[in-house]
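For the sequence shown, the working numbering gives the first residue as 864, with consecutive numbering after it.
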Amino acid sequence: MAQFKTRARALDLLGRQQIAGIPTAINELIKNAHDAYADNFDIDFFRKNSLLLLRDDGLGMTKDEFENRWLTIGTESKFTKDVKLLPPVDKSKPRRQIMGEKGIGRLAIASIGKQVLILTKAKGREKEYPIVGVLINWGVFELPNINLEDIAIPIKEFDHYPSQKDIDSLKKELIESVKSLRKAKKISEEHFLDISETTEKLSFDPKSVTDSLIGDFKLDDTHGGTHFFVTPVNDLLIDNIEDGKSNEASKIEKLLIGFHNTITPGHPDPVININFRDYKGEDGTYSALIEEEEFFTPDDFELADHQFEGTFDDYGQFKGNVSVFREKNYEHIVTWNGNSFRPTQCGSFKIHFAYLQGEAKTSIVDKENWTRLYHKGDKFGGIYIYRDNIRILPYGDSDYDFLDIEKNRSKRASTYFFSYRRMFGAIELENATNYNLSEKAGREGFIENKAYRQLQDILKNFFTQLAADFFDDKGKTIKSEFWYNRKEELQRNHKALEKRDQLSRGKKNRFSNDLSAFFSKLTNEVFVSDVNVILLEALSSFNALIYEDNLDKAGQLLVEYENVYRQKITNYKKEIRVSSPRGFAPTKDQRKDYELYLKEFSILERLVIDNALQRIDSNVSEVTTKLNIEVDKRRRLELAVESISQLARKENSDKRKETQEVVRDVSSQIKDLTSDLMIDLDNQILQVKDSFKNLSLRETSEYNLVEERKRMEDEIDLISNRNKTIMDKIIRQFTSFYISKDDDGNIITDDDIANALSEELEELRDRVQADIELSQLGLAVGVLHHEFSSTIKSIRGSLKDLKAWSDVNEQLDGVYNNIKINFEHLDGYLNLFTPLNRRMNRKREEISLLEIKTFLIDLFKSRFERHSIQLLHTNGFKKHKLFGFKSTFYPVFVNLIDNAIYWLNKSGAENKIIRLHADDEGVYISNNGIEIPIQDSERIFELGFSRKESGRGMGLNISREVLQAENYEIELDKPRPESSVTFKISKTTDNE
């Protein structure tokens, strides 16, 4: 009798050449880990070493199981009832549905790299088993003329995690087996050299590699699992990692993220946690490629504009809930007659998906979250298919539109509403119900049998019918009317806000420019200079009167000159004034700048403007004295009052005209609008009446009176209701118009109230964001301090032990000193956390300022030296002390010195100096770096304000708050000699 023979190349055909790609191969190994009841599956890619390590903490394999199951192609684990052939089960966990179908998925590992070292240890068995080590070079299975039985696979058992020496023994066996093939002339010399060279290059210590990595994947008495060391790695892996554009996911992300359904609310808990770390260099840093937070979450699902959830029964009929704009909920049924209402081959299944409107202006999602979900959709949007909560590839990949959603949309977007990238959700299958849906061997989706074609047809019909029922572009159907009207309303609101923003944007920019110009002129003393020019001109005019022979004429000119130059000063004051923000909500920075402007303008008015007016009065008095003339005081007073009255009348008259023009313009717009609305209604009524002539030509029996009447009434009501809605909005807008007086007689309008609310909203938003960042920072500091503390104690102890060795071994002395110096530098930074973290059982004490300086030198010594910065102190600083908690003062000084170092380096100063001084009034920290602008003098203490690149704006704000809690204050003081910036810390004045 004849028999089939199996060539070794059959494994290559079934594995590497059958699988869709490296991401699919990795997915297969994750499924195997799932079947082995693993809780974790970690992937570590070392680019420099061309090594990919895949580890799971599952049940592992014994030597017998590896030979009879892993090395056996086409195992029957999913179909057999023979207990001996079934894979082991972890009885401490809920039973898992076996994902392996054909027993060839493990061969996919050949597509990742040329050879693999497998280490596995069984756990949860009736007795302890040793670690099993196997070395496979896949190149052997690519060679012609070799049968499977000709190839020997090196396999050994170890009572410890294998070392480099142990791996060398496996390499030796593999090379010997290939030599025997060459000797038997079954492979060529060229093939032998190629395989043996690849095997020889396998040079690493598995234990050293695994010990340096994150994760608990030990293979010992209490742990089990399987480790795959693949090397050299196929170059395509790097392409698969880096082929994603900034707004798109890479192939690795597309096919490995979302292994479990974590999208929909109430989803089952994931049973396996997956991590993928990409080490691009040799410094131990890595990029995490599978970030679950980048994938869709149940919160995202509920945040989207529309949600759809329900079940398709055995006949393909959908019944479930549809939520439109999260406001209208409908119990909905979608029928399918593709199988003549007979039971389907694909079986019943569930669907849950959400949809985001394609434009922010038609979405109810806020702009920030809409943008976030939109970008997530670009990367991961689509409908994913899960069987027993395990993803079926490639469904969900945005490039694999198996329902032709984008294809249909490109034909007619008005009919085919849905876009594949704007939807996200899951189709849930179960093996017990949907067994006819069988995956292809290469994991490229389902086999296209009758069950799959029915599934496709049911879903295509479902999306087409949903679009027609709920998202008709004209709002013709009853259920789509709500979506259409709400969408139109959102568009109108968006346009109104956009127009308002355009108007306010220009006003905001002008406002900022005016403030900047004011502060620039104030800093450069332009105002003083301009006023002095007017005063010099006035003085010249007054002095010219001394030579006037006609004293009456001189007196008259003196009064006129006085009025002219006072008016010039007054006009200049008006000219330099910055108008208060109107018609827009100023930003937080603009508000602070304006508050500072008001303060500085008040000082300018008192010291410059008022002083100039007094100078003019003095000049008038001097001239009258020199000429010995009597100037009519009443006349001077009349001219002054007349001048200010004329100015006030003119300004108010202009503003009155502007107000009346606005009122007339608005009134005209409203009249025109209401007229147009009435014309639209009249035209609609005429059209309805015109349709009577068509009815009159038909027999009464040809049309239904009730239906025709309802149609005509609906057409008129549609226009009528639209008109009433628009006019109601106008009425509400004007009836809510608010004008009132406060207790001081000030007029308060809607504009003031709206601006106040806008400012309050902006402040609350800023505060919430800042509070979140502070909370995260606080948690991070707490974790760091806790983790570092125990580690540092251990290192300190080890350093002491090393010191004893270095004392008797000169060769170790240099190593010890180098480690000690670098550790002390790190320990200095750790000590910074100590005063920050020590809140319990602390006490107030006297703190020597010199003690603080010593701490600062220890902490910043390397930075001082690196940037050539001097830290100097005066005798006053040396003598003084502070009283309070070290945990309060130390971080304040650290922040001030850290800021000083940063700005000194930015300044480019030749001699960079930080000076510390103290006297009875306070402590002063100065530097000769970049000067702080006058408008920033208070803002630097605000939470979130920073001029640093990537600055968070927290340090000075926190410093001020913690000092205030101890009755101290910090402020920007007048720069001390030879300095450009000085901060002052002083005791708060007690006013009680």
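By construction, the Cβ of each residue, glycine as well, lies at the ideal position given by its N, Cα and C atoms.
Starting from I1432, follow the alpha helix (DSSP H) in both directions and report where the run begins and ends. Mapped onto the sequence shown, residue 1432 falls at position 569. In this chain, the alpha helix (DSSP H) harbouring I1432 covers 1414-1439.
What number of angstroms, rounded off, separates the C-alpha of F1122 from the C-alpha of I1246? Looking up residue 1122 in the sequence shown gives position 259. Looking up residue 1246 in the sequence shown gives position 383. Between F1122 and I1246, the C-alpha separation is close to 13 Å.
Environment of H1215 [buried if 16+ CB atoms lie within 10 Å]: Position 352 of the sequence shown, counted from the first residue, corresponds to residue 1215. Of the residues assessed, H1215 falls on the buried side of the cut-off, its CB having 16 or more other CB atoms within 10 angstroms.
If you run the structure through DSSP and keep just helix, strand and coil, what is F1212? Taking the first residue of the sequence shown as position 1, residue 1212 is located at position 349. In the structure shown, F1212 sits in a strand (DSSP, three-state: E or B).
Which residue's Cα is closest to the Cα of H897: E930, N931, F1004, R958? For the purposes of this step, residue 897 is taken as the residue at position 34 of the sequence shown. Out of E930, N931, F1004, R958, R958 has the C-alpha closest to the C-alpha of H897.
Would you mind working out which of S1383, L1353, F1280 sits nearest D1332, comparing C-alpha positions? Taking the sequence shown and counting its residues from 1, the one referred to as residue 1332 is at position 469. That would be F1280, whose Cα lies nearest to the Cα of D1332.
Where Y1178 sits in the DSSP three-state scheme: Within the sequence shown, numbered from 1, the residue matching residue 1178 stands at position 315. Y1178: coil per DSSP, three-state reduction.
I'd like the list of long-range same chain contacts for F1181, defined as Cβ closer than 6 Å, with 5 residues on each side in sequence excluded. What you label residue 1181 is simply residue 318 of the sequence shown in a count that begins at 1. Excluding sequence neighbours, F1181 sits near G1173, F1175, V1197, F1325.
Straight-line gap, Y992 to K986 (C-alpha atoms, nearest Å): Residue numbering aside, residue 992 sits at position 129 when the sequence shown is read from its first letter. Residue numbering aside, residue 986 sits at position 123 when the sequence shown is read from its first letter. So the two alpha carbons sit approximately 8 Å from each other.
Find out if the Cβ-Cβ distance for the pair E1155, K1242 is shorter than 9 Å. By 1-based counting over the sequence shown, the position of residue 1155 is 292. By 1-based counting over the sequence shown, the position of residue 1242 is 379. If you check the CB distance, E1155 and K1242 do not come in under 9 Å.
Compare the C-alpha of R1189 against each of N1426, D1168, L934, P1206 and name the closest. Counting from 1 along the sequence shown, the entry for residue 1189 is found at position 326. Selected option, being the one with the closest Cα: D1168.
Strictly by DSSP, which residues pair up with Y1218? Taking the first residue of the sequence shown as 1, we reach residue 1218 at position 355. Y1218 pairs with H1169, M1286.
Expressed to the nearest angstrom, what Euclidean distance is found between the alpha-carbon atoms of K1592 and N1586? For the purposes of this step, residue 1592 is identified with residue 729 of the sequence shown, where counting begins at 1. For the purposes of this step, residue 1586 is identified with residue 723 of the sequence shown, where counting begins at 1. Whole-angstrom Cα-Cα distance: 10 Å.
For D905 versus F1139, is the C-beta spacing smaller than 9 Å? As a first step, residue 905 is located in the sequence shown; it is residue number 42 there, counting from the start. As a first step, residue 1139 is located in the sequence shown; it is residue number 276 there, counting from the start. Going by C-beta atoms, D905 is nearer than 9 Å to F1139.
The beta strand (DSSP E) spanning N1138 covers which residue range? Residue numbering aside, residue 1138 sits at position 275 when the sequence shown is read from its first letter. Note, N1138: beta strand (DSSP E), 1136-1142.
Validate contact between the stretch 1132-1147 and the stretch 1216-1229 using beta carbons, cut 8 Å, 3 pairs: At 8 Å Cβ cutoff, the stretches do not touch.
Please give the ranges of any beta strand (DSSP E) in the stretch 885-951, keeping only runs that are unbroken, at least 3 residues long and fully inside the region. Entirely contained in the stretch 885-951, the beta strand (DSSP E) runs reaching 3 residues are, in chain order, 903-909, 914-919.
Going by Cα to Cα distance, which pick from Y900, L915, K1437 is closest to K954? Walking along the sequence shown from the start, residue 954 turns up at place 91. Among Y900, L915, K1437, the Cα nearest to that of K954 belongs to Y900.
Enclosing alpha helix (DSSP H) for E1036 [first to last residue]: Sequence index remark: in the sequence shown, residue 1036 carries index 173 (1-based). Note, E1036: alpha helix (DSSP H), 1027-1046.
Minimum C-alpha distance to E1801 - residue among E1458, A1475, Q1354, L1719: Mapped onto the sequence shown, residue 1801 falls at position 938. Its Cα nearest to that of E1801, the residue E1458 stands out among E1458, A1475, Q1354, L1719.
Take I1432 and list the residues in its own chain whose beta-carbon comes closer than 8 Å to its own, dropping the five residues that flank it on each side. As a working note, residue 1432 is residue 569 in the sequence shown. Around I1432: V1394, I1397, I1472, A1475, L1476, I1479.
Assign P1698 to one of three DSSP states: helix, strand, or coil. Here residue 1698 refers to the residue found at position 835 of the sequence shown. Residue placement at P1698 cannot be trusted, given a pLDDT of 47 that sits under 50; what the coordinates show is reported in the next sentence. Assigned with DSSP and collapsed to three states, P1698 falls in helix.
Which whole-angstrom value describes the C-beta separation of F1846 and I1776, a residue pair presumed to lie in contact below a C-beta threshold of 8 Å? Within the sequence shown, residue 1846 is the residue found at index 983, counting from 1. Within the sequence shown, residue 1776 is the residue found at index 913, counting from 1. The Cβ separation is near 15 Å, so there is no contact.
Mind checking whether V997 and K984 have CB atoms under 9 Å apart? Locating residue 997 in the sequence shown gives position 134, where the first residue counts as 1. Locating residue 984 in the sequence shown gives position 121, where the first residue counts as 1. Not closer than 9 Å, so no.
Length at least 4, wholly inside the stretch 1065-1136: the alpha helix (DSSP H) runs in chain order: Qualifying alpha helix (DSSP H) stretches, in chain order: 1069-1074, 1099-1105, 1114-1119.
Using C-beta distances below 7 Å, list every residue in its chain close to P1128, excluding the 5 sequence neighbours before and after it, in chain order. Counting from one through the sequence shown, the residue named residue 1128 turns up at place 265. P1161, F1164, E1165, listed in sequence order.
Per DSSP, R1254 is paired with what? By 1-based counting over the sequence shown, the position of residue 1254 is 391. Paired residue(s): Y1249.
Are L1152 and E1116 closer than 9 Å when you measure CB to CB? Within the sequence shown, residue 1152 is the residue found at index 289, counting from 1. Within the sequence shown, residue 1116 is the residue found at index 253, counting from 1. Yes, the pair counts as a contact, with Cβ atoms nearer than the cut-off.
Once the 5 residues before and after E1269 are set aside, which same chain residues still bring their CB inside 6 Å of it? Position 406 of the sequence shown holds residue 1269. Correct list, in chain order: Y1283.
For T1296, which residues of its own chain have a beta-carbon under 8 Å away from its beta-carbon, when the five flanking residues on both sides are left out? Within the sequence shown, the letter at position 433 stands for residue 1296. Excluding residues within five positions, the ones whose Cβ falls inside 8 Å are G1210, S1211, F1212.
Inter-stretch contact (C-beta, 8 Å, three-pair minimum) for the stretch 1002-1009 and the stretch 1018-1034: The stretch 1002-1009, when compared against the stretch 1018-1034, does not touch it at the 8 Å Cβ threshold.
Going by C-alpha distance, which of K1339, Y1315, R1316, Q1453 is nearest N1376? In the sequence shown, residue 1376 corresponds to position 513, counting from 1. Relative to N1376, the option among K1339, Y1315, R1316, Q1453 whose CA is nearest is Q1453.
Short Cβ contact (9 Å threshold) for Y1178 with N1202: Walking along the sequence shown from the start, residue 1178 turns up at place 315. Walking along the sequence shown from the start, residue 1202 turns up at place 339. Yes, the Cβ-Cβ distance between Y1178 and N1202 is below 9 Å.
List the endpoints of the continuous beta strand (DSSP E) containing H1195. In the sequence shown, the residue the question calls residue 1195 occupies position 332. Element bounds for H1195: 1191-1197.
Go ahead and label G1818 buried or exposed: buried means 16 or more other beta carbons lie within 10 angstroms of its beta carbon, across all protein chains shown. Translated into positions along the sequence shown, residue 1818 becomes position 955. Answer is buried; the Cβ neighbour count reaches 16.
Tell me whether V1389 sits in a helix, a strand or coil according to DSSP, three-state version. Numbered from 1 along the sequence shown, position 526 holds the residue referred to as residue 1389. Here V1389 sits in helix by DSSP.
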